[in-house]
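Asker:
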């Protein structure tokens, strides 16, 4: 009788463990891989005119490969697994040229276009549907501890070669021009260009395609034109004063 009870207890324990493992596997597949990766997959067709069919996207887009490997590494990192997440990250860097630390938090629908040279630090957070071009760095500025990398909001666009350094808050729908170096917080719906990055305008047209990151206002040209106009006005006034004095 006692043996039968022990057998039943062992069977129930085994079923409980199997159920826990199955539940963990389902959460892993749905929460870490399937849902985010489906969003990552779909967004490529929306934002890259060169994406012609699913076969090209699956096999020829390093940004998608890097995100797939990162989501696995991040899942293991969050569960305290040592060494293996960094090894997966290093493997992803070797295969794609994109380095994402396992600790970084990447939202769904993120598109890393081309991707070569992209570096995303350990405590960086990237919001949903952000578009990142090649050569972008979301990095730190020294040997700080704790949160030391940027937090980027949703639907942001970070142009090729841009650097966002330090524990900064980059708002939603921010557009960072190519080659810019951002060293201060940026509110939502702003455009940033230059070294160091300067906020030059609000994005008044909310429906502007994120791919049109080349349509940035030329602030220097506007200032120069206004100065030239002012100089012409002053010259006319001097000529008028000269005629009156004679």
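Numbering (the working numbering), first residue to last: 203 to 448.
Beta carbons: idealized from backbone N, C-alpha and C, even for Gly.
(1) Of the residues 386, 380, 330, 358, which one's Cα is nearest the Cα of residue 343?
(2) Could you check what DSSP says for residue 444 in three-state terms: helix, strand or coil?
(3) Within the same chain, show all residues whose beta-carbon is closer than 7 Å to that of residue 262, passing over the 5 residues directly before and after it, in chain order.
(4) What are the boundary residues of the beta strand (DSSP E) that residue 367 is part of?
(5) Could you tell me if the beta carbon of residue 299 falls within a distance shorter than 7 Å of some heavy atom in the ligand FMN?
(6) Since residue 241 contacts residue 311 with CB under 8 Å, what's their CB separation in whole angstroms?
(7) Would you mind sorting residue 284 into buried or exposed? The rule is 16 or more other CB atoms within 10 Å of its CB.
(8) Can you tell me whether DSSP reads residue 397 as helix, strand or coil?
(9) Determine the closest residue to residue 268 out of 444, 334, 254, with distance taken between C-alpha atoms.
(10) Run through DSSP, which three-state label would residue 346 get?
(11) What is the rounded straight-line gap between the Cα of residue 438 and the Cα of residue 357?
(12) Once DSSP output is grouped into helix, strand and coil, what is the label at residue 437?
(13) Any idea what DSSP makes of residue 241, helix, strand or coil?
(14) Out of 282, 314, 402, point me to the one whose CA is closest to residue 270's CA.
(15) Terminal residues of the continuous alpha helix (DSSP H) containing residue 298?
(16) Per DSSP, which residues does residue 273 bridge with? Please list them.
(17) Thinking residue 368 and residue 390 are a contact (beta carbons under 8 Å), I'd like their distance in whole angstroms, please.
(18) Does the distance from the C-beta atom of residue 332 to that of residue 351 stay below 8 Å?
(19) With distances taken from CA atoms, which of 286, 294, 319, 279 is nearest residue 307?
(20) Between the alpha carbons of residue 433 and residue 400, how many angstroms are there, rounded?
(21) Rounded C-beta distance between residue 371 and residue 353? I'm assuming under 8 Å.
(22) Is it the case that the Cβ atoms of residue 322 and residue 302 are separated by a distance below 8 Å?
(23) What residue does the beta strand (DSSP E) around residue 340 start on, and which one ends it?
(24) Give me the DSSP bridge partner(s) of residue 313.
(25) Enumerate in chain order the residues of its own chain whose CB-to-CB distance from residue 266 is below 7 Å, with the five nearest sequence positions on each side excluded.
Answerer: Working from what's here:
(1) Ranked by Cα distance from residue 343, the options 386, 380, 330, 358 are led by 386.
(2) Helix, per DSSP.
(3) Sequence-distant Cβ neighbours of residue 262 in its own chain, meaning closer than 7 Å and more than five residues away, do not exist here.
(4) Per DSSP, the continuous beta strand (DSSP E) segment holding residue 367 begins and ends at 365-367.
(5) Judged by which ligands are present, the structure shown has none, so any question about the ligand FMN falls away.
(6) That belief holds up - the Cβ atoms of residue 241 and residue 311 are roughly 4 Å apart, short of 8 Å.
(7) Per the 10 Å Cβ criterion, exposed.
(8) Look at residue 397 here: in three-state DSSP terms it is coil, with no helix or strand label.
(9) Relative to residue 268, the option among 444, 334, 254 whose CA is nearest is 334.
(10) Residue 346: coil per DSSP, three-state reduction.
(11) For residue 438 and residue 357, the distance between alpha carbons rounds to 49 Å.
(12) For residue 437, the secondary structure class from DSSP, reduced to helix, strand or coil, is helix.
(13) In the structure shown, residue 241 sits in a helix (DSSP, three-state: H, G or I).
(14) Among 282, 314, 402, the Cα nearest to that of residue 270 is on 314.
(15) In the DSSP assignment, residue 298 falls within the alpha helix (DSSP H) that extends over 286-298.
(16) Note: residue 273 sits in no beta bridge, so no partner.
(17) About 19 Å separates the beta carbon of residue 368 from that of residue 390, a gap too long to meet the 8 Å contact definition.
(18) The answer is no: Cβ separation not under 8 Å.
(19) Nearest neighbour of residue 307 by Cα position, chosen from 286, 294, 319, 279, turns out to be 279.
(20) Roughly 26 Å separates the two Cα atoms.
(21) Contact annotation, residue 371 with residue 353: C-beta distance approximately 5 Å; criterion of less than 8 Å satisfied.
(22) A distance below 8 Å separates the beta carbons of residue 322 and residue 302.
(23) Here the beta strand (DSSP E) through residue 340 covers 339-341.
(24) Per DSSP, 333.
(25) The answer, listed in chain order, is 242, 243, 246, 259.
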